[in-house]
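Counting from 0, one number per residue, gives the positions in the first sequence under numbering that gives the first Met the number 0. Think of the CB as a built atom: it goes at the ideal place given N, C-alpha and C, for glycine as much as any other residue. As the structure is a computational prediction, the values presented were derived from the model and not from experiment. Let me begin by presenting the structure, written as structure tokens, before commenting on it.
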Amino acid sequence: MLDHLGDAAGAAPALLGCRLVRTGDGPRRVGVIVETEAYPPDDPACHAYGGRTARNAAMFGPAGSAYVYRIHRSTCLNVVTGPAGSGQAVLIRAIEPLEGLDVMRAARELATVGNAIPDGTALTNGPGKLCQALDVGLEHDGVPLIRRRAPRSASASPSAGVLYLMPALDRPDVACSPRIGISRARDAPLRFFVPGNPYVSGRPRRAS
DNA sequence: ATGTCGATTCCCT
DNA sequence: GGGAATCGACATA
């Protein structure tokens with residue numbers, strides 16, 4: 000549920016099944032969250048670990064706001080959790096697309112010039128991929144993702160899409176594993192996913 | 001001014 | 001399962 004954003008480790012599994020919506024510019028794009036990772040404040044792998052900087056400032060905002068950052072050529076979307084100032088968030092790692100598949104595909108193709116046309120689960124089965132599919136960018140850093148009502152059309156710019164979260168319709172099964180791609184705190188079981196869902200991204204390293 | 005380092009993705013073996 | 005691509009943020013001088 001969206002009212003359980005009190006801490007990253009609790010919010011990460013609770014966000015599974017919630018829907019991520021982009022609207023306001025063209026056809027609605029909707030996906031169900033099927034994979035997340037928690038980054039608690041005391042975690043060495045958390046971007047907020049070591050203090051506030053220009054890049055991670057949004058992570059110290061109120062729970063329910065977005066923290067967006069770039070890595071290499073990719074953009075990643077997080078949901079801020081906990082008391083404002085605590086510096087914690089949940090990374091959205093994968094969604095299963097529900098609406099606006101054609102627009103998502105077009106956005107992916109546009110963003111990956113010269114690469115293969117994204118088909119099947121490659122459309123949204125990774126944190127950078129889903130941001131491409133929904134056109135999530137740095138302009139969303141710090142914006143509120145939780146809204147009482149459907150967002151009004153008038154945000155800052157009429158042509159800019161609005162990004163927000165909707166509660167889960169049904170509670171999905173939840174599985175847990177170590178997180179992917181990090182070098183510190185590699186064993187912490189803070190990755191959550193819907194077991195068997197084809198849009199869940201690559202498995203974490205096997206246990207040695 | 002310069003060096004390091006990724007919460008990634010894609011391509012290859 | 002490994003490595004390159006590639007670039008901005010950050011730390012150090």
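Please list the terminal residues of the continuous alpha helix (DSSP H) segment that includes G127.
Its alpha helix (DSSP H) spans residues P126 to A132.
Buried or exposed for R107, going by 16 or more other Cβ atoms inside 10 Å?
Answer is buried; the Cβ neighbour count reaches 16.
Per DSSP, what kind of secondary structure is V31 in: helix, strand or coil?
Here V31 sits in strand by DSSP.
In this structure, does DSSP put R146 in helix, strand or coil?
R146: coil per DSSP, three-state reduction.
Mapping DSSP to helix, strand and coil, what is L4?
L4 falls in the coil class under three-state DSSP.
Can you tell me whether D86 is buried or exposed? The criterion is at least 16 other CB atoms within 10 Å of its CB, across all chains shown.
Per the sequence shown, residue 86 should be read as Gly rather than Asp. Buried, by the Cβ-count rule.
E95: first and last residue of the uninterrupted beta strand (DSSP E) it sits in
Unbroken beta strand (DSSP E) run through E95: A88 to E98.
Would the stretch 174-191 and the stretch 49-60 be scored as touching if the rule is three or more Cβ pairs under 8 angstroms?
Touching, no, given that fewer than three Cβ pairs across the two stretches are closer than 8 angstroms.
Please name the residue, chosen from I145, P166, D140 and R69, that lies closest to G127 on a Cα-to-Cα basis.
Minimum Cα distance to G127 is reached at R69.
With H, G and I counted as helix, E and B as strand and the rest as coil, what does DSSP make of A57?
Note: A57 maps to helix in three-state DSSP.
Over what stretch of residues does the beta strand (DSSP E) that includes S73 continue unbroken?
Note, S73: beta strand (DSSP E), S73 to V79.
Below 8 angstroms on the Cβ atoms is my guess for T35 versus V89; work out the distance and round it to an integer in Å.
Yes, they are in contact, since the Cβ atoms of T35 and V89 sit about 5 angstroms apart, within 8 angstroms.
Would you mind working out which of R148, V102 and D6 sits nearest D41, comparing C-alpha positions?
Per the Cα distances, D6.
Report the rounded CA-to-CA distance for P61 versus G84, giving the unit in angstroms.
Each residue's alpha carbon lies about 8 angstroms from the other.
R21 versus M165 - alpha carbon distance:
R21 and M165 have their alpha carbons spaced roughly 11 angstroms apart.
In the DSSP output, what is A83 paired with across the bridge?
Answer is none; A83 lacks a bridge partner.
Going straight from the alpha carbon of L4 to that of C17, what length do you get?
Those two C-alpha atoms are separated by around 13 angstroms.
Taking its Cβ as the centre, do 16 or more other Cβ atoms sit within 10 Å of C130, making it buried, or is it exposed?
Around the beta carbon of C130, 16 or more other beta carbons lie within 10 angstroms, which makes this residue buried.
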